[in-house]
Amino acid sequence: MHTVMLVLFEVLIVIGLSRLVGLAFKSIKQPLVIGEIVAGIMLGPSLFGLIAPSAAAMIFPPEAVPFLNMLSQVGLIFFMFLIGLELNPKYLSGQLEIAILTSHVSILVPFSLGTLLAVLLYPLVSNASVSFTAFALFLGAAMSITAFPVLARIITENNLQSTRLGTLALTCAAVDDVTAWCLLAVAIAVAREGSIASAVPTIITGLLYIGFMVTLGRWFLQRLTTYYQRTGRLSQFVLAGIYMGVVASALITELIGIHLIFGAFLLGAAMPKNADLVRELAVKTEDFVLIFLLPVFFAFSGLRTQIGLLNRPELWLLCALVLGVAIAGKYFGTYVAARVSGINNREASALGWLMNTRGLTELIVLNIGLELGVISPLLFTMLVIMALVTTFMTSPLLEWTYPKKLIRLDVVESNFAQETSRSNTASYEYRILVPVANPSTQKGLVQLAVAIALNYHQPAVVHPLSLIEFEEDYAFESTPVEANRLIAQRRQQLEELINTLEPPATRSYVHPIVRLSSNVARETAEIAKIEQTDLIIVGWHRPAFSNNRLGGRVGQILTTAPVDVAVFIDRGRTRLENLLVPYSANIHDDLALILALRLLINRDTCVLHILQVVSENQAKDELSYELQTMMAQLPISVRDRIEIKMIESPEPIQAVVAASEAVDLTIAGTSRAWGIERQTLGRYTDQLAIQCRSSLLITRRYSQITSHLASVLPEVNTQESAARN
Numbered sequence: 001m002h003t004v005m006l007v008l009f010e011v012l013i014v015i016g017l018s019r020l021v022g023l024a025f026k027s028i029k030q031p032l033v034i035g036e037i038v039a040g041i042m043l044g045p046s047l048f049g050l051i052a053p054s055a056a057a058m059i060f061p062p063e064a065v066p067f068l069n070m071l072s073q074v075g076l077i078f079f080m081f082l083i084g085l086e087l088n089p090k091y092l093s094g095q096l097e098i099a100i101l102t103s104h105v106s107i108l109v110p111f112s113l114g115t116l117l118a119v120l121l122y123p124l125v126s127n128a129s130v131s132f133t134a135f136a137l138f139l140g141a142a143m144s145i146t147a148f149p150v151l152a153r154i155i156t157e158n159n160l161q162s163t164r165l166g167t168l169a170l171t172c173a174a175v176d177d178v179t180a181w182c183l184l185a186v187a188i189a190v191a192r193e194g195s196i197a198s199a200v201p202t203i204i205t206g207l208l209y210i211g212f213m214v215t216l217g218r219w220f221l222q223r224l225t226t227y228y229q230r231t232g233r234l235s236q237f238v239l240a241g242i243y244m245g246v247v248a249s250a251l252i253t254e255l256i257g258i259h260l261i262f263g264a265f266l267l268g269a270a271m272p273k274n275a276d277l278v279r280e281l282a283v284k285t286e287d288f289v290l291i292f293l294l295p296v297f298f299a300f301s302g303l304r305t306q307i308g309l310l311n312r313p314e315l316w317l318l319c320a321l322v323l324g325v326a327i328a329g330k331y332f333g334t335y336v337a338a339r340v341s342g343i344n345n346r347e348a349s350a351l352g353w354l355m356n357t358r359g360l361t362e363l364i365v366l367n368i369g370l371e372l373g374v375i376s377p378l379l380f381t382m383l384v385i386m387a388l389v390t391t392f393m394t395s396p397l398l399e400w401t402y403p404k405k406l407i408r409l410d411v412v413e414s415n416f417a418q419e420t421s422r423s424n425t426a427s428y429e430y431r432i433l434v435p436v437a438n439p440s441t442q443k444g445l446v447q448l449a450v451a452i453a454l455n456y457h458q459p460a461v462v463h464p465l466s467l468i469e470f471e472e473d474y475a476f477e478s479t480p481v482e483a484n485r486l487i488a489q490r491r492q493q494l495e496e497l498i499n500t501l502e503p504p505a506t507r508s509y510v511h512p513i514v515r516l517s518s519n520v521a522r523e524t525a526e527i528a529k530i531e532q533t534d535l536i537i538v539g540w541h542r543p544a545f546s547n548n549r550l551g552g553r554v555g556q557i558l559t560t561a562p563v564d565v566a567v568f569i570d571r572g573r574t575r576l577e578n579l580l581v582p583y584s585a586n587i588h589d590d591l592a593l594i595l596a597l598r599l600l601i602n603r604d605t606c607v608l609h610i611l612q613v614v615s616e617n618q619a620k621d622e623l624s625y626e627l628q629t630m631m632a633q634l635p636i637s638v639r640d641r642i643e644i645k646m647i648e649s650p651e652p653i654q655a656v657v658a659a660s661e662a663v664d665l666t667i668a669g670t671s672r673a674w675g676i677e678r679q680t681l682g683r684y685t686d687q688l689a690i691q692c693r694s695s696l697l698i699t700r701r702y703s704q705i706t707s708h709l710a711s712v713l714p715e716v717n718t719q720e721s722a723a724r725n
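Okay, here's the thing in structure tokens:
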């Protein structure tokens with residue numbers, strides 16, 4: 001019982017730390033799995049065992065390690081099944097000839113360099129009990145591997161899955177994955193049998209089993225599709241049969257001599273790729289595997305990683321050489337093959353960095369090599385460092401080589417190009433970005449944006465923006481195929497929302513944008529910058545764990561977006577006939593008044609009330625020079641619908657609240673005079689947001705350079721002059 005309790009305590013620590021460190025790495029735009037691998041290393045002799053050796057020996061004693069190994073092996077089996085399950089033939093449909101050439105060259109070059117490196121490393125970090133052939137094969141395989149799951153998630157997170165680069169990278173990685181696993185199977189057979197000649201029967205038996213799985217095995221599994229289409233669900237009985245098949249296939253490949261992970265991978269790859277069946281099977285399997293079992297594998301790997309073994313400068317130089325060979329082999333092999341195939345310089349370079357992603361797949365290979373005794377603990381540590389560095393560098397180097405502003409120019413889907421391209425017009429185009437969290441409940445938000453933007457005299461576009469956020473790197477929903485399905489589904493929801501807007505003529509000016517994102521506020525700010533947005537209008541919602549009315553993501557957008565922002569608190573008013581602007585003469589109030597004037601110009605029946613609240617003996621706040629100039633340019637038909645009212649009151653908020661009862665929309669700047677600015681910074685409850693009787697639009701001006709009104713005025717004056725003549 002003591003051992004059981006100890007293992008459970010170890011698992012408790014492993015899961016908690018892996019989640020915390022994983023989330024920390026996600027905050028710096030790194031895959032969560034990198035943080036989980038680092039968490040495993042932290043629990044081993046490289047950190048915990050170094051700073052608290054007695055505590056480490058007590059928590060992770062040698063007698064408990066085999067139990068962690070057993071759990072990690074079960075996790076690996078089912079994780080490899082998930083990888084095979086997600087290896088969709090659709091990934092092999094894009095630019096296949098180029099991908100096959102590029103992928104195989106990207107394996108051949110690092111494999112060859114790894115073999116040459118083995119000549120140097122074999123006498124230094126190996127021993128006579130390991131044959132050079134097995135050592136060279138393993139080192140070559142370790143250098144040439146690409147982690148398809150991590151690469152697929154990086155592509156999805158960067159919205160590259162519908163671009164030329166993304167489809168080519170996915171196809172290359174899929175081909176690479178299959179080829180690399182075959183090489184690894186050969187390396188394992190040679191390592192176990194001692195020589196290539198002795199391993200031939202094992203290799204032939206493995207090939208026969210692969211042939212069986214892709215023919216008779218696939219034919220039998222196709223019956224699952226028929227069953228699923230008839231019942232619409234996977235019963236526990238059928239799921240038990242599938243899991244038994246995973247374990248049985250793993251046992252068969254272990255008995256053959258090519259390791260148990262291959263059997264699980266083969267069964268997953270042979271599973272019918274019915275979208276709904278794969279989705280339900282993955283969702284039912286992945287949570288326990290990814291949350292419970294896989295972190296145990298990382299911890300087990302971390303216990304075997306001893307960075308302290310690199311205790312001399314020459315060993316660190318060897319580690320740097322291993323890292324340099326791994327990066328150069330993958331990058332230049334991919335880059336040269338892509339350039340020969342006609343891929344342009346930037347895309348070929350980005351593809352080279354993507355194919356350098358190694359991640360968890362590399363860790364699996366290394367653990368097998370260490371388990372078989374082919375690689376020493378010292379080389380294992382060097383290669384773990386190589387796996388972490390090559391995966392860690394992928395995202396920043398991809399962003400440097402292929403920034404987001406270029407991604408929107410490299411699109412396969414025509415509707416994607418339509419949603420992001422600017423109209424090729426000579427005149428200035430007024431653009432509003434509207435983040436929409438829930439298309440079924442935020443019609444009022446989009447309708448208000450349309451009312452502010454469209455006047456039929458100035459070109460304008462409203463972009464409802466829907467960001468699909470994934471919290472997990474390995475969740476099935478974040479695979480490129482599933483992500484495309486979710487994007488299409490969300491786009492359809494936005495189209496249905498647009499079709500309800502009134503009047504119908506405005507609908508052609510509304511173009512939705514759907515993206516995947518790991519950080520909604522940051523992505524919103526980046527899209528606003530790329531799209532050269534004039535204004536962001538965001539809906540208000542109460543944060544789940546805060547009393548701050550303008551906190552959470554809304555507060556983050558308010559404080560980080562590089563454009564003017566307005567927060568809309570919808571009270572359900574559909575009319576926009578009476579507007580109220582509390583004015584206290586600051587730039588945020590100026591924006592509030594400018595947006596109100598846009599509505600006034602755009603809607604002939606609209607009336608604007610400008611309210612100035614002063615205390616006793618306080619001087620009246622004058623309109624800014626910019627606003628005075630604009631007001632003077634307004635046509636008489638617009639000026640006649642503006643009422644400026646000044647009242648004395650010791651409580652400005654209460655005066656505004658009372659005035660809001662008679663209007664449809666109150667537009668207020670983030671002014672200290674109205675008690676809003678300090679709350680917008682995320683510290684206190686916003687009194688006006690709570691008490692205002694009408695719908696409320698709170699404005700924050702980013703720069704006085706932005707003009708929301710000046711470009712409209714000449715058109716309005718010209719129209720009125722023509723009407724008088």
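Counting in my numbering, the sequence shown runs from 1 upward without gaps. Idealized CB from N, CA, C, for every residue including glycine.
The beta-carbon distance between residue 510 and residue 465, rounded to whole angstroms, is 11 angstroms. This is too long to meet the 8 angstroms contact definition.
Around the beta-carbon of residue 26, 16 or more other beta-carbon atoms lie within 10 Å, marking it buried. Under DSSP, residue 435 shares a beta bridge with 465. Under the three-pair Cβ rule at 8 angstroms, the segment 354-363 counts as touching the segment 146-162. Taken in chain order, the unbroken stretches of alpha helix (DSSP H) that lie wholly in the segment 219-291 and span 4 residues or more are 236-256, 260-270, 275-288.
Between the segment 99-107 and the segment 166-176, the count of Cβ pairs shorter than 8 angstroms is three or higher; the stretches touch. Secondary structure note for residue 484: its alpha helix (DSSP H) is the uninterrupted segment 480-498.
In the structure shown, the three-state DSSP call for residue 402 is coil. In chain order, 11, 14, 68, 71, 72, 75 place their CB closer than 7 angstroms to the CB of residue 296, counting only its own chain and leaving out the 5 sequence neighbours on each side. DSSP, reduced to helix, strand and coil, places residue 609 within a strand of the structure shown. Look at residue 582 here: in three-state DSSP terms it is strand. For residue 688 against residue 667, the beta-carbon gap comes to about 11 angstroms, at or over 8 angstroms, which does not count as contact.
When rounded, the separation of the alpha-carbon atoms in residue 8 and residue 35 is 22 angstroms.
When the five nearest sequence neighbours on each side are left out, the beta carbons in the same chain lying within less than 6 angstroms of the beta carbon of residue 250 are those of 77, 260, 263, 264, in order along the chain. Around the beta-carbon of residue 287, fewer than 16 other beta-carbon atoms lie within 10 Å, marking it exposed. Leaving aside the five residues that flank residue 553 on each side, the residues in its chain whose CB is nearer than 6 angstroms to its CB run, in chain order, 520, 521. Of the residues assessed, residue 568 falls on the buried side of the cut-off, its CB having 16 or more other CB atoms within 10 angstroms.
Here residue 38 is buried: its Cβ has 16 or more other Cβ atoms, across all protein chains shown, within 10 Å. If you ignore the 5 residues before and after residue 133, its C-beta comes within less than 8 angstroms of the C-beta of 190, 195, 196, all in its own chain and listed in chain order. Under the three-state reduction of DSSP, residue 310 is assigned to coil, being neither helix nor strand. Per the DSSP secondary-structure output, residue 78 pairs with nothing in a beta bridge. Residue pairing by DSSP places residue 568 opposite 539, 697 in a beta bridge.
Beta bridge pairing from DSSP links residue 430 with 460. About 5 angstroms separates the Cβ atoms of residue 218 and residue 270, confirming a contact at the 8 angstroms cut-off.
Here DSSP, grouped into helix, strand and coil, assigns residue 645 to strand.
The beta carbon of residue 401 sits closer than 8 angstroms to those of 346, 349, 350, 353, all from its chain and outside the five residues before and after it, given in chain order. As the crow flies, the alpha-carbon of residue 380 is around 13 angstroms from that of residue 143.
For the set 601, 611, 598, 607, the Cα lying nearest the Cα of residue 585 is the one of 611. Rounded to the nearest whole angstrom, the C-alpha separation of residue 659 and residue 580 is 8 angstroms. Residue environment analysis places residue 609 among the buried positions, since at least 16 neighbouring C-beta atoms fall within 10 angstroms of its C-beta. With respect to residue 363, residue 452 sits apart: the two C-beta atoms are not nearer than 8 angstroms. When secondary structure is reduced to three states using DSSP, residue 555 falls in the helix class.
In summary, residue 81 is buried, with 16 or more beta-carbon neighbours lying within 10 Å of its beta-carbon over all protein chains present.
By the criterion of at least three beta-carbon pairs nearer than 8 angstroms, the segment 43-58 is not in contact with the segment 238-257.
When secondary structure is reduced to three states using DSSP, residue 574 falls in the coil class, being assigned neither helix nor strand. Less than 8 angstroms separates the beta-carbon of residue 602 from that of residue 454.
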